[in-house]
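Worksheet: one structure, shown below.
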């Protein structure tokens with residue numbers, strides 16, 4: 001299909017020419033469209049000879065002098081056409097042109113065409129003359145600023161050879177000023193079109209001079225100083241190697257020069273020069289805000305900040321080569337498909353533009369909600385030979401259904417496709433205004449209608465002459481719009497756009513009030529784009545067992561330094577918790593105070609020894625007072641002499657408190673120490689429970705045993721009684737290691753007392769005996785499992801028990817408690 | 825054609841001749857070619873217009889890229905509207921000279937003013953510093 005690709009072969013072009021013409025109808029189509037009837041195949045060689053033959057002629061004087069109106073040129077052109085035999089069907093001529101240059105191994109790079117310049121001329125002439133539209137354009141351009149006209153015509157010939165250049169490179173000064181154009185062509189167009197047939201004389205001349213410049217630049221002359229915008233424009237004329245698929249380019253280029261002459265083609269030129277930059281960016285899109293470290297959220301392929309890419313759509317290629325015949329006149333400002341193929345022939349463009357519009361395949365309600373992709377598809381379907389006027393219904397639902405929101409997921413609504421630009425004849429475009437207040441929408445449509453007629457035409461016309469227009473591609477415009485729209489999304493419209501909402505509400509209310517007399521309309525609901533509030537919490541990656549978290553942070557998830565967890569509590573709970581905490585704090589405070597006192601007391605000895613004589617008194621005094629303080633601290637109330645149970649228990653509810661007591665006991669005077677021990681044994685169950693977590697009661701064993709040993713028998717008995725306490729207390733005591741130990745201690749002490757001193761008062765009243773009996777009973781009844789092993793077993797327990805229990809039970813006890821007579 | 829009806833956008837201003845006033849007081853006139861979301865502007869065939877009194881001068885500057893935050897005002901120039909100003913266009917050298925004179929005069933007056941204030945023990949911060957606060 002794409003015959004252009006075979007250009008590199010050194011085949012006989014003539015055959016190719018004819019064959020091509022015969023086979024491909026599309027070429028004729030081109031011809032018919034662009035050259036009008038009468039375009040005939042010709043032999044470029046003959047043409048070349050003829051033109052070179054004219055080279056010696058008098059030159060441009062006659063030809064150039066004719067600043068005749070292009071309109072008038074038509075007649076002359078028509079006369080000229082048959083005579084000059086310089087017609088070539090453009091598509092085939094272009095390859096022929098190319099081929100002529102292939103001696104140098106021409107790559108399909110369009111710019112690198114050398115000879116056959118005469119051909120170029122004639123082609124240009126053809127283009128300019130043949131089509132009245134172009135002629136009209138040329139005429140319109142005439143009065144315009146000269147640079148632009150020369151530019152436009154020059155751009156037209158961008159694809160042409162620069163025949164004139166080789167012979168006279170030197171005569172071309174560097175960046176040409178606009179006024180120079182008139183001069184150069186004088187020199188450069190000797191063979192030129194014969195006098196009458198040179199309507200676009202000036203244009204052609206300027207074209208050629210442009211060619212010269214192009215060639216010069218091609219040849220790598222120093223980069224042009226940007227003396228004026230004119231030269232700037234020329235510099236950017238796409239000289240860089242267009243690295244996209246060569247085949248595609250050739251096509252673009254081949255779609256004839258006339259395409260370029262029509263103003264549509266013009267805007268493409270500068271951007272083509274920028275393609276390099278584009279291509280580069282396509283190759284290596286720099287991810288800007290990427291955080292490639294583990295755990296960061298997925299990075300979008302194109303972070304915000306990179307301009308949009310231009311995808312090459314093959315659909316477009318298809319279109320270009322199978323355009324439907326469309327009248328070429330309508331002006332177009334937008335570029336419809338993505339502008340990679342900047343050089344879209346105006347035919348295609350117009351096809352694209354006109355077909356959907358003229359046919360309006362959609363029901364009016366649909367409006368123009370298609371994306372570019374869909375349009376392309378649509379066009380393809382049309383181009384592929386659907387019956388005229390029948391839209392492509394199978395495509396539509398697919399398109400519509402599978403419609404990827406044009407601007408990506410975040411948008412809650414669709415944006416109508418923009419590129420209807422300045423088409424005045426188009427039916428009023430329905431943008432997607434669902435997000436607006438209905439009132440607002442009405443106002444907008446009114447405004448657009450008012451504005452539609454008057455301004456559009458002039459604007460379009462003006463822009464048609466501007467070769468730099470559309471530097472910002474459609475895609476880019478949409479991209480910017482998309483970003484702007486994203487900023488408009490709101491989860492809470494009343495918060496974000498309060499005044500807008502209120503204004504339209506008021507307006508509505510006012511209208512309702514006015515209308516109220518006549519009829520009652522239901523209040524229109526305001527629809528605003530609401531985006532669901534999605535929690536984008538990002539949890540940093542954590543490895544189990546590692547200390548802390550990975551320090552991975554990116555723009556999207558800044559590092560969370562503190563894991564502050566908010567727990568909401570009710571008032572009551574808070575109060576209770578607060579009380580608890582307060583109490584605990586108080587206990588701790590007390591413990592701390594006592595500790596410091598204790599430490600002082602403990603250190604007294606050391607200090608006393610070291611202190612000199614005179615200080616010892618004072619030290620002693622201090623010591624005494626300290627001790628007093630300690631004791632008093634154990635009392636709940638100041639005036640109460642007794643050691644307070646609650647205080648002790650309170651202190652001992654804290655681990656440190658237990659430790660404190662254990663250290664404190666040795667320093668207490670014996671009555672108080674005894675009292676403390678009493679308190680302990682009395683509240684042992686509670687203490688045991690509180691100690692469950694810490695298990696530090698056993699610290700007390702040492703001091704307590706010391707205290708016990710200093711107890712009197714009655715005190716001991718009392719102690720034992722306390723230990724037994726209420727019903728079931730003993731059982732719990734036995735559960736606890738400390739309890740068991742304490743019990744044993746007491747018992748062994750009792751035994752010691754009895755054994756050592758026969759006259760001890762232990763046996764005076766039956767209390768001791770009874771107590772021991774009950775203890776033994778309890779010991780026997782308690783299951784072994786619940787009996788906690790003591791810290792140590794005093795040796796004389798056996799003898800104790802042997803006193804009170806019979807043999808049988810003794811043996812049982814022995815087994816249970818694992819006491820042997822020989823145990824130590 | 826506004827792509828997003830109901831909003832203001834610079835998209836419609838593209839390829840039109842604009843006049844922009846920058847924060848540093850410069851006035852640029854050019855064809856707005858490209859924008860972005862920050863309202864950074866790309867101007868083509870830019871001309872810097874210096875006004876001194878009733879005279880003005882145009883200095884061609886080529887292509888300008890203006891960072892969006894430096895734009896004070898931006899407005900489209902209506903080419904069709906007849907230009908009936910009393911301003912008189914002069915050459916570049918002349919306008920630059922005029923500007924220099926104007927700035928010199930301003931500096932003089934400023935100096936005198938500052939001196940007077942200093943004498944009275946007052947100080948007024950210069951405008952170019954205000955931005956930083």
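Protein chains in written order, with the numbering used here: chain Y, 1 to 824; chain C, 825 to 957.
Heads up, the beta-carbon is just placed ideally off N, CA and C, and yes, glycines get one too.
Original post:
Between residue 842 (chain C) and residue 904 (chain C), is the Cβ-Cβ spacing less than 7 Å?
Top reply: Within the second chain, the letter at position 18 stands for residue 842 (chain C). Within the second chain, the letter at position 80 stands for residue 904 (chain C). Not a contact, by the Cβ cut-off of 7 Å.
Original post:
Can you name the residues of chain Y whose CB is closer than 9 Å to the CB of residue 838 (chain C)?
Top reply: For the purposes of this step, residue 838 (chain C) is taken as residue 14 along the second chain, with counting starting at 1. Neighbours of residue 838 (chain C) on chain Y, chain order: 469, 470, 471, 472, 477.
**OP:** Would you list the one or two residues that DSSP bridges to residue 913 (chain C)?
**Re:** Translated into positions along the second chain, residue 913 (chain C) becomes position 89. Residue 913 (chain C) is bridged to C:880.
Subject >> Beta-carbon separation (whole angstroms), residue 836 (chain Y) vs residue 681 (chain Y), contact threshold 8 Å >> reply: Look at the range of chain Y in this structure, 1 to 824, and you will see that residue 836 (chain Y) is not part of it.
**OP:** Quick one: grab the DSSP three-state call for residue 712 (chain Y).
**Re:** Within the first chain, residue 712 (chain Y) is the residue found at index 712, counting from 1. Three-state result, residue 712 (chain Y): coil.
Original post:
With 7 Å set as the bound, which would you pick, yes or no: does the beta-carbon of residue 857 (chain C) sit closer than that to a beta-carbon of chain Y?
Top reply: Position 33 of the second chain, counted from the first residue, corresponds to residue 857 (chain C). Yes, residue 857 (chain C) counts as interfacial toward chain Y.
Subject >> Proximity test, Cβ basis, 7 Å: residue 480 (chain Y) and chain C >> reply: If you number the first chain from 1, residue 480 (chain Y) lands on position 480. So, interface residue.
**OP:** Mark residue 238 (chain Y) as exposed unless 16 or more other C-beta atoms lie within 10 angstroms of its C-beta, in which case mark it buried.
**Re:** Taking the first chain and counting its residues from 1, one reaches residue 238 (chain Y) at position 238. Note that residue 238 (chain Y) scores a pLDDT of 42, beneath 50, so its modelled location is shaky and nothing firm can be said.
Original post:
For residue 361 (chain Y), is the classification buried or exposed, using 16 other Cβ atoms within 10 angstroms of its Cβ as the cut-off for buried?
Top reply: By one-based count along the first chain, residue 361 (chain Y) stands at place 361. At residue 361 (chain Y) the pLDDT is 45, less than 50, meaning the model places this residue with poor confidence; the figure from the coordinates comes in the next sentence. Buried.
Original post:
According to DSSP, what are the bridge partners of residue 851 (chain C)?
Top reply: The count along the second chain starts at 1 and reaches residue 851 (chain C) at position 27. Bridge partners of residue 851 (chain C) according to DSSP: C:845.
Original post:
With respect to the alpha helix (DSSP H) encompassing residue 770 (chain Y), which residues constitute its N-terminal and C-terminal limits?
Top reply: Here residue 770 (chain Y) refers to the residue found at position 770 of the first chain. Segment 767-781, the alpha helix (DSSP H) holding residue 770 (chain Y).
Original post:
Can you list, in chain order, the residues of its chain whose CB lies under 6 Å from that of residue 794 (chain Y), leaving out five sequence neighbours each side?
Top reply: Counting from 1 along the first chain, the entry for residue 794 (chain Y) is found at position 794. Cβ within range, chain order: 744, 748.
Original post:
Going by alpha carbons, who is nearest to residue 797 (chain Y) out of Y:741, Y:788, Y:465?
Top reply: To locate residue 797 (chain Y), count along the first chain from 1; it is residue 797. Measuring from the Cα of residue 797 (chain Y), the nearest candidate turns out to be Y:741.
**OP:** Determine the chain Y residues that contact residue 909 (chain C) at a beta-carbon separation under 7 Å, and present them in chain order.
**Re:** Looking up residue 909 (chain C) in the second chain gives position 85. By Cβ distance, chain Y contributes nothing, its closest Cβ being about 22 Å from residue 909 (chain C), past 7 Å.
Original post:
In angstroms, rounded to a whole number, what distance separates the CA positions of residue 826 (chain Y) and residue 478 (chain Y)?
Top reply: Any property of residue 826 (chain Y) remains undetermined from this structure, which presents chain Y solely from 1 to 824.
**OP:** Give a yes or no on whether the C-beta atoms belonging to residue 660 (chain Y) and residue 591 (chain Y) are separated by under 7 Å.
**Re:** Numbered from its first residue, the first chain carries residue 660 (chain Y) at position 660. Numbered from its first residue, the first chain carries residue 591 (chain Y) at position 591. Closer than 7 Å, so yes.
Original post:
What does residue 741 (chain Y) pair with, by DSSP beta-bridge criteria?
Top reply: Mapped onto the first chain, residue 741 (chain Y) falls at position 741. Paired residues: none, contrary to the question.
Original post:
DSSP state of residue 567 (chain Y), grouped into three classes?
Top reply: Within the first chain, numbered from 1, the residue matching residue 567 (chain Y) stands at position 567. In this structure, residue 567 (chain Y) counts as coil in the three-state DSSP scheme.
Subject >> Closer than 7 Å to chain Y by CB, residue 868 (chain C) >> reply: Here residue 868 (chain C) corresponds to residue number 44 of the second chain, with the count starting at 1. Taking Cβ atoms only, chain Y reaches closer than 7 Å to residue 868 (chain C), which makes this a yes.
Original post:
Mind listing which residues of the region 912-946 of chain C have their C-beta closer than 8 Å to chain Y's C-betas, in chain order?
Top reply: Listed by position along the chain: nothing, the set is empty.
Original post:
Which term fits residue 473 (chain Y), buried or exposed, when burial requires 16 or more other beta carbons within 10 angstroms of its beta carbon?
Top reply: Position 473 of the first chain holds residue 473 (chain Y). Its Cβ being crowded by 16 or more others within 10 Å, residue 473 (chain Y) is buried.
Original post:
According to the Cβ coordinates, are residue 854 (chain C) and residue 867 (chain C) closer than 7 Å?
Top reply: By one-based count along the second chain, residue 854 (chain C) stands at place 30. By one-based count along the second chain, residue 867 (chain C) stands at place 43. Yes. Within cutoff.
Original post:
Out of curiosity, what's the CA-to-CA distance linking residue 445 (chain Y) and residue 500 (chain Y)?
Top reply: Sequence index remark: in the first chain, residue 445 (chain Y) carries index 445 (1-based). Sequence index remark: in the first chain, residue 500 (chain Y) carries index 500 (1-based). Cα-Cα distance, rounded: 18 Å.
Subject >> Residues that residue 860 (chain C) contacts on chain Y, provided the C-beta gap is smaller than 7 Å >> reply: Here residue 860 (chain C) is taken as the residue at index 36 of the second chain, counted from 1. 480, listed in chain order.
Original post:
Which class does residue 555 (chain Y) belong to by DSSP, given the choice of helix, strand or coil?
Top reply: The residue labelled residue 555 (chain Y) in the question sits at position 555 within the first chain. Three-state result, residue 555 (chain Y): coil.
Subject >> Residue burial classification, residue 941 (chain C) (beta-carbon count within 10 angstroms, cutoff 16) >> reply: Position 117 of the second chain, counted from the first residue, corresponds to residue 941 (chain C). Per the 10 Å Cβ criterion, exposed.
Original post:
Using 8 Å as the Cβ pair cut-off and three pairs as the minimum, do the region 709-719 of chain Y and the region 663-680 of chain Y touch?
Top reply: yes
Original post:
How far does the alpha helix (DSSP H) with residue 797 (chain Y) in it reach, from first residue to last?
Top reply: Counting from one through the first chain, the residue named residue 797 (chain Y) turns up at place 797. That run of the alpha helix (DSSP H) goes 797-804.
Subject >> residue 484 (chain Y): contacting residues in chain C (beta-carbon distance under 8 Å) >> reply: As a working mapping, residue 484 (chain Y) is identified with position 484 in the first chain. Correct list: 828, 831, 833, 861.
Original post:
Do residue 838 (chain C) and residue 856 (chain C) come within 7 Å of each other at the CB atom, strictly closer than that value?
Top reply: Here residue 856 (chain C) corresponds to residue number 32 of the second chain, with the count starting at 1. Here residue 838 (chain C) corresponds to residue number 14 of the second chain, with the count starting at 1. In this structure, residue 838 (chain C) lies closer than 7 Å to residue 856 (chain C) by Cβ.
**OP:** Would you identify the three-state DSSP class for residue 592 (chain Y), choosing helix, strand or coil?
**Re:** Locating residue 592 (chain Y) in the first chain gives position 592, where the first residue counts as 1. Helix.
Original post:
Looking at the structure shown, is residue 941 (chain C) part of a helix, part of a strand, or coil, going by DSSP?
Top reply: Stepping through the second chain from its first residue, residue 941 (chain C) is reached at position 117. The answer is helix: DSSP assigns residue 941 (chain C) an H, G or I state.
**OP:** Measure from the alpha carbon of residue 593 (chain Y) to the alpha carbon of each residue in Y:629, Y:495, Y:665, Y:567, then state which is nearest.
**Re:** Position 593 of the first chain, counted from the first residue, corresponds to residue 593 (chain Y). In terms of CA proximity to residue 593 (chain Y), Y:629 leads the group Y:629, Y:495, Y:665, Y:567.
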